[in-house]
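**Q** In this note's numbering, the protein residues as written are 740 to 1490. Here a beta-carbon is modelled for each residue, glycine too, at the ideal position from N, C-alpha and C.
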């Protein structure tokens, strides 16, 4: 249950005794200051409405509402009740300094009580609390102790003490360092308490036992204990939101229910904002969105003149708001309808999906609903069954299908709802069976070694009473993303110019394997290493090519490069793709190569599907789609050469070339020239009807046409100075060499 807001006053002793320490020990002042910082730091990121005040005693000055006639001196109200912020953190970091005086901690307690009563008047708080941090090393008068205790009880103010030493001689840091959070530092051994500390400790025990009876001493902590617990950022309190609905079975049985989220992914509150880099003010930055046409003038279009469009293949399907509203699923509202029942064992754990688990209870104060739901829960539990239900959160939500499992605890009983997948949510993978291959069949000794390793790494152990105990309690581990984010935000807020600190060591340690498990599994790990020896596999010597000897060129066709046999290596990713039956639009190259390799369809059909996808891509006329088209053409050519079938590729390339002027695909053709993607010649495939020279001139012909079609530029010189340009194209070793022969004033120059 989420609690209401609280009003809390931090009361810290800054007197000169707090700065004293034994050799090698951190002063109590520094420890108390860290506790204050950690506490306020947690409150800043807790996203609640708690208000915090800060009172210091032992200060050189006096500033409080009770100071008069020499009473309550050296006590300063540093900050009145308000929500904690980075300003308070900065003040604690820079302005909280040791004082040179001493003050009675009971007087400081009275000032805190007065501050709480004054600041909370007219406000509603669920809890009033005072946290007092001191070493008790000051002379204290107990004359008004009973009056103070009675006032605390009447005002319902709770009290917590943080001391440099334990109240009972033992530090109560939970877990001894095994739990989440940093390990607690050892408590100062000391040489015994002073007379003032002994007297003060007895007064603390008296106050706490009077307020909380026997449990009062549980609210007295050491500084080291507090630092351990406060290092973990406070979990964000969430108020439970009830989801009232009706559980229906058929058309005649209806049970009033209410649901609560029991498990759901916690997300950081999105408070990021764009601010001006110098002023750090959000209002100094304004964002403006402008819609423009993709034309030469970038004509501006009003937002009201735009609609949504859904990309369907190479086409854009317009979709207006009216269409969008009509497409939405229409339902009658909330729904929790039982469709049927099934055995729990038939619902596999890996089929659970969604981001939440909902606990379903009977509606409050409805005895009939409670009896009916209890009967259903107990029947499901006794029969080991689960209900398959149709779930809809409200009329705007798409329906889900899920399973409702019975849950019976000592103090309550309910149904646990978990979402189940639809057909599209399932991924079907096909993997080869290892048992059919004797090469991969493990021996009995190998199986035993793996079994021993698994047993040694079990995270569940038996305790002294024979009960199963979790060694690695995941639900007790704080989310490292939150911890790191809050750590960095706090550091940047307090130290804007310093680099971010490293990750807290305790946070790294919490995510590692438990030490007991690590020690236990060393021997089985060595046994597995021995039973499963690893051998270095030396690849076969690859054939050297001219590219290896002389280097490769960017203009050299890919057809000349050595291709690796894709079928020679086992590729898990290829298997995980599932069965491919056609060339899709997402990754057409992969689909095409897979169809050819697996021979799912004929070569002609695969090529036809690929060219269809290429034409769809070319319809977009944008560089990214051109690059995807080039990759498809390259794969088309490679597979054609490998299959010894050049006719389909050459025919498509000729058809594509003829359509370049009409379809304005000159940019694509330039990319083909750049990659030297030309026709397949007889030298590559015997059945080709094109010679090597024809293939080389296939791309160069377009360049020649461009030069001849270029408009004649005006020249301001004499007619005799006109230059006659002619282009000759030659080809040696598959590289285009262009000869420009320029005739100028009877002088022949060759470039």
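Can you list, in chain order, the residues of its chain whose CB lies under 6 Å from that of residue 1387, leaving out five sequence neighbours each side?
**A** So the list reads 1346, once near-sequence residues are dropped.
**Q** State the DSSP-derived secondary structure class of residue 757, mapped to helix, strand or coil.
**A** Correct three-state label for residue 757: helix.
**Q** Are residue 1411 and residue 1372 closer than 9 Å when you measure CB to CB?
**A** yes
**Q** Using three-state DSSP, classify residue 948 as helix, strand or coil.
**A** helix
**Q** Is residue 746 helix, strand or coil when you go by DSSP?
**A** strand
**Q** Taking the alpha helix (DSSP H) that residue 1232 falls in, what are its first and last residues?
**A** In the DSSP annotation of this structure, the continuous segment of the alpha helix (DSSP H) that includes residue 1232 starts and ends at 1219-1233.
**Q** Output yes if chain D places a C-beta closer than 9 Å to the C-beta of residue 1135; else output no.
**A** In the displayed structure, chain D is absent; only one protein chain is listed.
**Q** Mind reading off the beta-carbon distance from residue 873 to residue 799? Whole number of angstroms is fine, and I expect it under 8 Å.
**A** Rounded, the Cβ-Cβ distance is 17 Å, inconsistent with contact.
**Q** Considering only residues of the same chain and omitting the five flanking positions on each side of residue 1342, which have a CB-CB separation below 7 Å?
**A** 1335, 1382, 1384
**Q** Indicate the three-state DSSP secondary structure (helix, strand or coil) for residue 1169 in the structure shown.
**A** coil
**Q** Helix, strand or coil for residue 1094? Go by DSSP, reduced to three states.
**A** In the three-state reduction of the DSSP assignment, residue 1094 falls in the strand class, which pools E and B.
**Q** Opposite residue 1051 in the DSSP bridges: which residues?
**A** Answer by DSSP bridge pairing, in chain order: 1054.
**Q** Assuming residue 749 contacts residue 791 (C-beta within less than 8 Å), just tell me the rounded distance between them.
**A** 7 Å
**Q** From which residue to which residue does the beta strand (DSSP E) around residue 1003 run?
**A** 992-1003
**Q** With distances taken from CA atoms, which of 1100, 1355, 1167 is nearest residue 1150?
**A** 1100
**Q** Taking the CB atoms as reference points, tell me whether residue 1013 and residue 1024 lie closer together than 9 Å.
**A** Going by C-beta atoms, residue 1013 is nearer than 9 Å to residue 1024.
**Q** Along the chain, where does the alpha helix (DSSP H) that runs through residue 1332 open and close?
**A** 1327-1337
**Q** In the structure shown, what three-state DSSP assignment does residue 1139 receive?
**A** If DSSP states are grouped into helix, strand and coil, residue 1139 belongs with the strands.
**Q** Note the first and the last residue of the continuous alpha helix (DSSP H) segment covering residue 1209.
**A** Segment 1207-1209 is the beta strand (DSSP E) holding residue 1209; no alpha helix (DSSP H) there.
**Q** Examine the Cβ distances between the stretch 869-885 and the stretch 928-945 and report whether three or more of them are shorter than 8 Å.
**A** yes
**Q** Got a sec, what are the start and stop residues for the beta strand (DSSP E) residue 984 sits in?
**A** Looking at the DSSP string, the run of the beta strand (DSSP E) that includes residue 984 is 982-988.
**Q** With distances taken from CA atoms, which of 1424, 1338, 1420 is nearest residue 1431?
**A** 1420
**Q** Starting from the C-beta of residue 780, find all residues in its chain whose C-beta is less than 6 Å away, skip the five residues before and the five after it, and write them out in chain order.
**A** 1229
**Q** Please report how far the alpha carbon of residue 1153 lies from the alpha carbon of residue 965, in whole angstroms.
**A** 37 Å
**Q** For residue 775, I'd like the list of residues in its chain whose CB is within less than 8 Å of its CB, leaving aside the five on either flank, ordered along the chain.
**A** 749, 751, 793, 831, 835, 872
**Q** Can you grab the Cα-Cα spacing for the pair residue 1161 / residue 1268, in whole Å?
**A** Spanning the two alpha carbons is a distance of roughly 42 Å.
**Q** Span of the alpha helix (DSSP H) holding residue 960?
**A** For residue 960, there is no enclosing alpha helix (DSSP H); the enclosing beta strand (DSSP E) has its first and last residue at 959-961.
**Q** Starting from residue 1110, trace the alpha helix (DSSP H) in both directions and tell me its first and last residue.
**A** Judged by DSSP secondary structure, residue 1110 falls within the alpha helix (DSSP H) whose first and last residues are 1106-1122.
**Q** Is it right to say residue 1119 is buried, meaning 16 or more other beta carbons lie within 10 angstroms of its own, or is it exposed?
**A** buried
**Q** Within the same chain, show all residues whose beta-carbon is closer than 8 Å to that of residue 1123, passing over the 5 residues directly before and after it, in chain order.
**A** 1082, 1083, 1084
**Q** What separation, rounded to the nearest whole angstrom, lies between the Cα atoms of residue 1049 and residue 866?
**A** 54 Å
**Q** If we ignore side chains and look at the alpha-carbon of each, how far apart do residue 1302 and residue 1089 end up?
**A** Because residue 1302 sits at a pLDDT of 44, beneath the cut-off of 50, its placement in the model cannot be relied upon, and the point is left open.
**Q** Count the C-beta pairs between the stretch 1065-1072 and the stretch 1133-1148 that are closer than 8 Å, then say yes if the count reaches three, no if not.
**A** yes
**Q** DSSP on residue 939, reduced to helix/strand/coil?
**A** helix
**Q** DSSP state of residue 1132, grouped into three classes?
**A** coil
**Q** Going by DSSP in three states, residue 1213 sits in which element: helix, strand or coil?
**A** helix
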